[in-house]
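Reading the sequence shown from the start, the letters are residues 3 to 243 in the numbering used here.
Shown next, in structure tokens, is the structure this report addresses.
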Amino acid sequence: MAAIPASDRGRRFVVLIGAPGAGKGTQSARLAEALGLCKLSTGDLLREAVRAGTPLGRAAEERMRQGLLVEDDVILGLVREHLRTPGCAGGAVLDGFPRTLAQAEGLDELLAEVGQSVERVVSIEVDEEEIVRRLSGRRICERCGRVRESAEIVAPPEPPSPQVAALPADGVAAAEVCPSCGGPLVQRADDRPETVRRRLEVFREQTAPLLAWYAQKSLLGRVDGGGDVARIHALVRRELT
Numbered sequence: 003m004a005a006i007p008a009s010d011r012g013r014r015f016v017v018l019i020g021a022p023g024a025g026k027g028t029q030s031a032r033l034a035e036a037l038g039l040c041k042l043s044t045g046d047l048l049r050e051a052v053r054a055g056t057p058l059g060r061a062a063e064e065r066m067r068q069g070l071l072v073e074d075d076v077i078l079g080l081v082r083e084h085l086r087t088p089g090c091a092g093g094a095v096l097d098g099f100p101r102t103l104a105q106a107e108g109l110d111e112l113l114a115e116v117g118q119s120v121e122r123v124v125s126i127e128v129d130e131e132e133i134v135r136r137l138s139g140r141r142i143c144e145r146c147g148r149v150r151e152s153a154e155i156v157a158p159p160e161p162p163s164p165q166v167a168a169l170p171a172d173g174v175a176a177a178e179v180c181p182s183c184g185g186p187l188v189q190r191a192d193d194r195p196e197t198v199r200r201r202l203e204v205f206r207e208q209t210a211p212l213l214a215w216y217a218q219k220s221l222l223g224r225v226d227g228g229g230d231v232a233r234i235h236a237l238v239r240r241e242l243t
């Protein structure tokens with residue numbers, strides 16, 4: 003694969019790390035907008051590559067079809083391609099990537115090709131029980147596909163009379179409706195409390211060596227991910243000064 007052009011040197015690369023439900027996606031988007039950088043999510047890149055049928059996308063799709071993790075070489079290839087696009091001319095906020103020490107080493111090698119390196123790594127830390135509460139309260143709309151937090155969920159309208167029940171087509175009463183389209187909201191299997199706890203365990207196992215490595219390189223900052231979005235954004239920005 004071709005190297006990132008040398009003309010793209012001088013860019014900024016910031017990594018945000020956080021457990022599922024810690025809010026790193028929201029904070030990555032806000033930080034990218036504030037700094038004029040692109041937001042890079044490997045999950046988004048994988049979905050787009052598969053949808054577009056690119057060579058890397060086909061390789062990723064085959065692995066996923068077999069229930070296997072996508073290889074680091076494929077992930078790093080997608081990252082490389084995206085960082086060469088005009089939208090990333092100023093650099094990138096990396097949303098939840100790298101996830102493992104091997105990926106971090108690969109990212110360092112990729113950036114070193116153009117004399118660049120990761121500027122800062124910010125770990126957004128939230129109490130695990132709070133994460134379980136957040137994710138188990140989250141719903142997805144079956145109609146429009148939007149994810150809704152518990153605070154956005156509204157009760158369905160009252161039926162016109164006690165004799166007329168508000169039931170969807172399958173005959174099961176809808177307890178929650180989407181505030182945008184009125185569609186039924188459902189809980190994803192990944193957001194059930196027992197599943198969330200397993201996901202957090204995997205996250206800890208994967209990221210403990212990664213965080214220790216970045217700390218040893220004096221790149222790691224930690225922020226409290228509790229509270230409102232604006233407050234957390236300010237804490238993240240402070241870590242970059």
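Ideal placement from N, C-alpha and C gives every residue a C-beta, glycine not left out.
Short Cβ contact (8 Å threshold) for residue i with residue j
i: ARG199; j: VAL128; result: no
i: ALA62; j: ALA51; result: yes
i: ILE77; j: THR209; result: no
i: LEU85; j: PRO211; result: no
i: GLY23; j: ARG136; result: yes
i: GLY25; j: ILE126; result: yes
i: ARG122; j: GLU203; result: no
i: LEU47; j: ARG14; result: no
Per-residue burial, residue i [other beta carbons within 10 Å of its own, 16 or more giving buried]
i: ASP230; result: exposed
i: GLY93; result: buried
i: ALA114; result: exposed
i: ASP193; result: buried
i: GLY45; result: exposed
i: ARG2; result: Residue 2 falls outside the range modelled here, since the chain spans only 3 to 243, and no answer is possible.
i: ARG141; result: buried
i: GLY69; result: exposed
i: PRO2; result: The structure shown does not extend to residue 2, since the chain is modelled only from 3 to 243, so the question has no answer here.
Sheet register partners of residue i (DSSP bridge)
i: LEU18; result: ASP97, VAL124
i: LYS41; result: VAL95
i: VAL149; result: ILE142
i: PRO186; result: VAL179
i: ARG224; result: SER125
Nonlocal neighbours in the same chain, by C-beta distance under 6 Å from residue i, ignoring five residues either side
i: SER43; result: ASP97
i: CYS90; result: CYS40
i: LEU237; result: VAL225
i: VAL95; result: VAL16, SER30, LEU33, ALA34, LEU39, LYS41
i: GLY147; result: none
i: GLY59; result: ALA51, VAL52
Own chain, CB closer than 7 Å to residue i, minus 5 neighbours either side, in chain order
i: ALA31; result: LYS41
i: ASP74; result: ALA104, GLN105, GLY108
i: CYS180; result: CYS143, ARG145, CYS146, ARG148, ARG150, LEU187
Distance between residue j and residue i (C-alpha atoms, nearest Å)
i: TRP215; j: LEU221; result: 9 Å
i: SER119; j: GLU178; result: 46 Å
i: LEU187; j: VAL116; result: 47 Å
i: PRO195; j: GLU130; result: 11 Å
i: ARG82; j: LEU112; result: 7 Å
i: ILE234; j: THR56; result: 37 Å
i: GLY139; j: ASP110; result: 37 Å
i: LEU213; j: ALA21; result: 12 Å
i: GLU49; j: ARG101; result: Reading the sequence as shown, one finds Arg at residue 49 and not Glu. About 17 Å.
i: ARG201; j: PHE99; result: 16 Å
i: SER182; j: LYS219; result: 45 Å
Contact set for residue i: own chain, Cβ-Cβ below 8 Å, skip 5 residues either direction
i: ARG65; result: LEU71, VAL72, GLU73, VAL76
i: GLY185; result: CYS143, GLU144, ARG145, CYS146, VAL179
i: THR197; result: ALA191
Check: residue i C-beta below 7 Å from any heavy atom of the ligand PLP
i: LYS26; result: Within the structure as shown, the ligand PLP is missing, as the structure has no ligands at all.
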